[in-house]
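Asks:
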Amino acid sequence: MYTADPSVHVFERKLYIYPSHNIDAGIPENDNGDYFAVDDYHIFSVDSVGAAVTDHG
């Protein structure tokens with residue numbers, strides 16, 4: 007899974023991470039970074055530092 011550019015928010019003492027979810031755009035890898043395309047966003051959460059991360063899809 008390729009993710010990038012996360013945004014982080016805290017709600018009710020839980021940390022939520024919202025990165026973009028990138029897919030292979032079918033372009034050969036280059037220095038421009040355009041070989042990935044944003045497909046959607048993914049959500050992760052964690053209760054505390056070092057705790058297990060929950061993947062909310």
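Under this note's numbering, the letters of the sequence shown match residues 7 to 63, in that order.
In this text, a Cβ means the ideal position worked out from N, Cα and C, and glycines have one as well.
Remember, predicted model here, so these are calculated numbers, not experimental data.
1) Residues in its own chain within less than 6 Å of residue 12 by CB, not counting five upstream and five downstream?
2) DSSP three-state label for residue 3, please.
3) In whole angstroms, what separates the C-alpha of residue 29 from that of residue 19?
4) Quick check on residue 33: does DSSP put it in helix, strand or coil?
5) Go to residue 62, then tell me how far its beta strand (DSSP E) extends in each direction, as first and last residue.
Replies: Reading it off the structure:
1) Your numbering for residue 12 matches position 6 in the sequence shown. Once the five neighbours on either side are set aside, the close Cβ partners of residue 12 are 23 and 25.
2) Outside the shown range of the chain (7 to 63) lies residue 3, about which nothing can therefore be said.
3) For the purposes of this step, residue 29 is taken as residue 23 along the sequence shown, with counting starting at 1. For the purposes of this step, residue 19 is taken as residue 13 along the sequence shown, with counting starting at 1. Going by the C-alpha atoms only, they are around 31 Å apart.
4) The count along the sequence shown starts at 1 and reaches residue 33 at position 27. Residue 33 falls in the coil class under three-state DSSP.
5) For the purposes of this step, residue 62 is taken as residue 56 along the sequence shown, with counting starting at 1. Premise fails: residue 62 is in no beta strand (DSSP E) and is neither H nor E.
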